[in-house]
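Residue numbers for the sequence shown, in the working numbering: 1497 to 1716.
Here the structure is laid out as structure tokens; the discussion comes afterwards.
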Amino acid sequence: VRTELTSDRAAYLYIGAATAVIFAVFGYFLGRQADRLAQLSETDPLTDLLNARGFSARLHSEIRRARRYRQPLSLLFLDLDGLKTINDRYGHRAGSDAIKQVGTVIHAELRETDTGARWGGDEFTILAPNTRSGAALTFAERVRARIAELRVDWPLTVSIGVATLEPEGNGMTEDAPGLLRAADAAMYHAKRCGKNAVVAADMQDAEHFGLQARRLQPEA
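Right, dumping it as structure tokens:
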């Protein structure tokens, strides 16, 4: 009888151990699937950049970090020039290809600490930690030039607005919506400057975001 009890106990222990292993493996794969789904929910499928949701979370995090360590933080807001014309003349496939190519340039130009995103439609954002306004303008001009040099069957350019939180002055008091508004306003000013341009927002003018326009595209 004792032998039978010992055998039964061993069988129960074996079944219990096997069940634990199965649940552990199942939990592991569920966790990986959840991580994958979370990543997909924050990634733009066309460009493989972050989407607006993923970028917003990163922006809030980097602003907190910039304030804590008193470091500059720059935001680039990009908008394709004339995407509607490309769609109308060459079809929506050409428009999607234009968006993908801009995404490819952004991927190539990002530093390890930078974050790029497709904000939505034909708009993109780049977050550049520990980057002052001058360096951000140089970065934006490089991105603008790279996109203008793309070999495509239609004119492809971008207008870029740049906003920077500097450790000095009033800049560090801005929150994420304020930084986005400043970069967005600068981008629209670049459009009014003739497009294919880079414009910096003056963050010291916190109320009106005075703009310092720099027409960087070649003159006709």
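Built from N, CA and C at the ideal position, the CB exists for glycine as well.
CB-CB length for residue i against residue j, believed under 8 Å
i: L1545; j: G1612; result: 5 Å
i: S1655; j: A1697; result: The Cβ separation is near 13 Å, so there is no contact.
i: P1625; j: E1558; result: 5 Å
i: Q1567; j: P1663; result: 7 Å
i: L1569; j: T1660; result: 7 Å
Outcome for residue i when other beta-carbon atoms lying within 10 angstroms are tallied against a minimum of 16
i: G1587; result: exposed
i: Q1535; result: With a pLDDT of only 46 at Q1535, under the threshold of 50, the placement of this residue in the model should not be trusted; the figure read from the coordinates follows. Result: exposed.
i: L1526; result: Confidence in L1526 is poor, its pLDDT being 47 and thus under 50, which makes the residue's placement too unreliable to answer from.
i: G1550; result: buried
i: I1622; result: buried
i: A1627; result: Ala is not the amino acid found at residue 1627; the sequence shown has Thr there. Per the 10 Å Cβ criterion, buried.
i: S1629; result: buried
i: A1682; result: buried
Spatial neighbours of residue i in its chain, beta-carbon cut-off 6 Å, leaving aside the 5 residues before and after
i: E1619; result: D1575
i: G1599; result: T1543, L1545
i: Q1597; result: L1646
i: N1583; result: G1591
i: V1601; result: R1642, I1643
i: G1616; result: A1548
i: T1609; result: P1625
First and last residue of the uninterrupted alpha helix (DSSP H) at residue i
i: R1638; result: 1629-1644
i: R1566; result: Careful: R1566 lies outside any alpha helix (DSSP H) and carries neither H nor E.
i: R1614; result: Looking at the DSSP string, R1614 is not in any alpha helix (DSSP H); the run it does join, the beta strand (DSSP E), is 1611-1616.
i: A1672; result: 1672-1688
Other residues of its chain near residue i: CB distance less than 8 Å, five sequence neighbours each side excluded
i: D1540; result: L1546, N1547, G1599, A1613, R1614
i: A1604; result: R1642
i: K1691; result: D1577, G1578, T1653, S1655, Q1713
i: I1511; result: none
i: R1585; result: W1650
Cβ shell of residue i (< 7 Å), same chain only, five flanking positions each side left out
i: V1694; result: L1633, A1636, E1637, R1640, I1656, V1658, A1686, R1710, L1712
i: E1538; result: L1546, N1547, R1549, G1550
Run of the beta strand (DSSP E) containing residue i, from where it starts to where it stops
i: V1598; result: From DSSP, V1598 is part of no beta strand (DSSP E) but of the alpha helix (DSSP H) over 1588-1605.
Interface flag, residue i vs chain D, CB-CB below 8 Å
i: A1679; result: The structure shown contains no chain D; it is built from a single protein chain.
Original post:
Can at least three beta-carbon pairs, one atom from the stretch 1674-1691 and one from the stretch 1643-1651, be found at a separation below 8 Å?
Top reply: no
Original post:
Using 8 Å as the Cβ pair cut-off and three pairs as the minimum, do the stretch 1629-1637 and the stretch 1589-1596 touch?
Top reply: no
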